[in-house]
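Report on one structure; see the data block that follows.
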Amino acid sequence: MKCISIAMARKVEWVSQEVTVQGWIRTRRDSKGGFSFLEVNDGSCFGNLQIIANSTLENFQSEITKLCTGCSVVIQGMVQASPAKGQPTELIASKVRVLGWADPVSYPMQKKGHTFEFLRTQAHLRPRTNTFGAVSRVRNRISKAIHDFFQEEGFIYIQTPIITPSDCEGAGHMFQVTTVNPQNQKGGEQAKGDFFGKPVFLTVSGQLEGETYACALGKIYTFGPTFRAENSNTARHLSEFWMIEPEMAFCDLVQNMDLAERFIKKIIESVLADCKEDMAFFDERIEKGLLKNLEMVLEKEFLRLSYTDAVKILRSSGQSFEFEPAWGKDLQSEHERYLAEKHFNSPVILFDYPKDIKAFYMRLNEDGKTVRAMDVLVPRIGEIIGGSQREERLDVLESRMKEGGLVPEDYWWYLDLRRYGTVPHAGFGLGLERTVQFVTGMANIRDVIPYPRAPGTAEF
RNA sequence: UCCCCGAUAGCUCAAUGGUAGAGCAACCGGCUGUUAACCGGUUUGUUGUAGGUUCGAGUCCUACUCGGGGAGCCA
């Protein structure tokens, strides 16, 4: 007898076949007409399999009528077309074996109605809910789409270090990695006796290392965890998140933007094609109109707008902002949201930002005032991609570093790329969790990663 | 980190400074090819923590903890 997944058992091809399924009980409904309905889910798909458990089963009174949400079971039986609405098939059980009970008094998961805030306190059990099962499957499909996309485009997947000495781009606080007991360390003496003999940190970006491989292999991408010790407490920030960073040699900003747009569309396309049940759920219960919006994103060309033009649009919009937009200042969330949600109602790519608000490695434009940076803004989320064409001219790069108070010698290996066979190159970073948020409509980033890490939050 | 709001039964929430309640869950019973099943009944409390004001505090005050919304930082 074949042991099959719930996803398979829900397909009509399996009608009339004897099979075994295994999973967890979602609900039980008794019929005194002589049987119980069990809903079993094993995570292989959104829907449950309805089991018909007849009272003639030997453990019907002793066990089956006591099953409740969370119990694990193995069930043998015959798949049949369901006579009632609600499911294509169901399973007439010939044997129901209980593997593990779940005491209904203490088991925290109920059939219905849990807030995401409560489920965050039960992060080890929340994947058993509809929402978190669906998020997990979509997150998986997005991850696969990312690899598919880059592999098909000829990119090489490389793994950049997680422990790194480079205080990359001076962007925010880093987590220091040390084997020295803080109680034994004297002020400033720590690094000498420490494991690596110098201060090292968890990576905030694999970009600098990624550039070195792009300048040898042409097109590369990284896909791994990233750590930022910022004390930021929002629905779109995590201390530990996953980032995808492609880097391409012989590539300018326009090609970079082209890639970013194709990339995001490929992800949406894959999820819409392969996660229909999950996406229908998100559309109905999480974010009304989600599917229509994503389909619209697929059809539309992403708008491309220089920072300078964006500021002009904002200033003449007639919209009242808390902070007045002005050239040279960073765009506020309210500005970005206005552009992506109100003015264009579409993803927008902004480019050519003032050099003073961007990182040292971004290529300086001929005007001497702006750099070849780009941000992809999407409705609801805001910035989902940040990238740039990199500064490939040694002298310009060195002077930009000095302007920013960095010591070029610390970056000797990075500068070597410009000393030996320098080429124009570009790349960007995409936040995986923000992408999952965008695709699923989930409002809080802590609900699209299994175990969120945030300031004061590391329970599991 | 800053501003605003909140914390009461397992969960979601009520309760003029004056006897702590409902719905859901659980349990018992009824009914039914049911499907967020339905109907009747029963049980459930250190009101986030520590202080303070008051004859009396879930309610007012202070601090702290945690959560939510917004902001900054960014992906």
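If you read the first sequence in our numbering, its first letter stands for residue 46, the second for the next number, and so on. Every residue gets a Cβ at the ideal spot worked out from N, C-alpha and C, and that includes glycine.
Going by C-alpha distance, which of the options is nearest residue i?
i, options, result
"R273", "E285, T279 and T134", "E285"
"H470", "I312, Y406, F82 and R71", "Y406"
"K111", "V141, G88, G122 and S89", "V141"
"S127", "E58, L336, L253 and E275", "E58"
"L376", "G363, K403 and E411", "K403"
"Q196", "T271, K311, H169 and F82", "K311"
"E478", "I51, A129 and A280", "A280"
"A371", "G363, A385, E386 and A355", "A355"
"A98", "Q434, C320 and V143", "V143"
"G474", "G432, W457 and V452", "G432"
"T206", "S100, I187 and Q252", "Correcting the residue identity first, residue 206 is Pro in this sequence and not Thr. If we check each option's Cα against that of P206, Q252 comes out closest."
"V507", "P270, S188 and Y398", "Because the chain in this structure spans residues 46 to 505, residue 507 falls outside the shown range and cannot be described."
"I109", "S139, Q132 and P133", "S139"
"V150", "G115, K130, V183 and R165", "G115"
"K156", "I394, E84 and C48", "E84"
"N278", "I49, C48, T502 and M53", "T502"
Just curious, the alpha helix (DSSP H) that residue i is in, first and last residue?
i, result
"F510", "The chain is shown only over 46 to 505; residue 510 falls outside these bounds and no answer can be derived."
"F194", "N175 to E197"
"V342", "L335 to E344"
"A14", "The displayed coordinates of the chain run from 46 to 505. Any statement about residue 14 would go beyond what the structure contains."
"F326", "K321 to F326"
"E443", "L439 to E448"
"S378", "S378 to R382"
"W458", "W457 to R464"
"F389", "From DSSP, F389 is part of no alpha helix (DSSP H); its letter is neither H nor E."
"I51", "I51 to A54"
"L164", "F161 to R165"
Rounded to whole angstroms, what's the CA-CA distance from residue i to residue j? Just pull it up for me.
i, j, result
"K77", "Q95", "17 Å"
"G92", "F505", "28 Å"
"L460", "L439", "7 Å"
"I358", "T467", "37 Å"
"E135", "Q106", "21 Å"
"F368", "S378", "10 Å"
"Q167", "I70", "18 Å"
"R498", "R360", "38 Å"
"L283", "Q204", "21 Å"
"K400", "V416", "5 Å"
"D420", "A305", "10 Å"
"V484", "L335", "8 Å"
"C296", "E63", "57 Å"
"E329", "F177", "15 Å"
"L102", "F80", "9 Å"
"G88", "E290", "30 Å"
"N489", "L451", "36 Å"
"A179", "Q300", "34 Å"
"M219", "V225", "17 Å"
"I430", "M293", "16 Å"
"M288", "G486", "19 Å"
"D319", "L247", "35 Å"
"R307", "D397", "20 Å"
"T174", "Y456", "48 Å"
"R184", "G413", "41 Å"
Between which two residues does the beta strand (DSSP E) holding residue i run?
i, result
"Q364", "It is not in any beta strand (DSSP E) - Q364 carries neither H nor E in the DSSP assignment."
"N99", "L94 to N99"
"Q121", "S117 to A126"
"E428", "G427 to Q434"
Bridge partners for residue i per DSSP, in chain order?
i, result
"N86", "W69"
"I394", "R349 and V421"
"P291", "Y266"
"V508", "A question about residue 508 goes unanswered here, because the residues of the chain that appear run from 46 up to 505."
"L409", "V416"
"Y152", "Its beta-bridge partners do not exist; DSSP assigns none."
"R74", "F82"
"V64", "K47 and G122"
"I208", "L247"
"I201", "I265"
"G474", "G431"
Quick check: is any heavy atom of the ligand SAM less than 7 Å from the C-beta of residue i?
i, result
"N226", "The ligand SAM is not part of the structure shown, which contains no ligands of any sort."
Exercise for the section: Specify whether the segment 190-203 and the segment 257-268 touch according to this definition: at least 3 beta carbon pairs, one from each stretch, less than 8 Å apart. Expected result: yes
Practice task
Inspect the CB distances between the segment 433-447 and the segment 309-327 and report whether three or more fall short of 8 Å.
Solution key: no
Exercise for the section: Would you check if the segment 341-355 and the segment 489-496 touch, i.e. whether three or more CB-CB distances between them fall below 8 Å? Expected result: no
Practice task
Would you check if there are 3 or more beta carbon pairs closer than 8 Å linking the segment 244-261 to the segment 377-395?
Solution key: no
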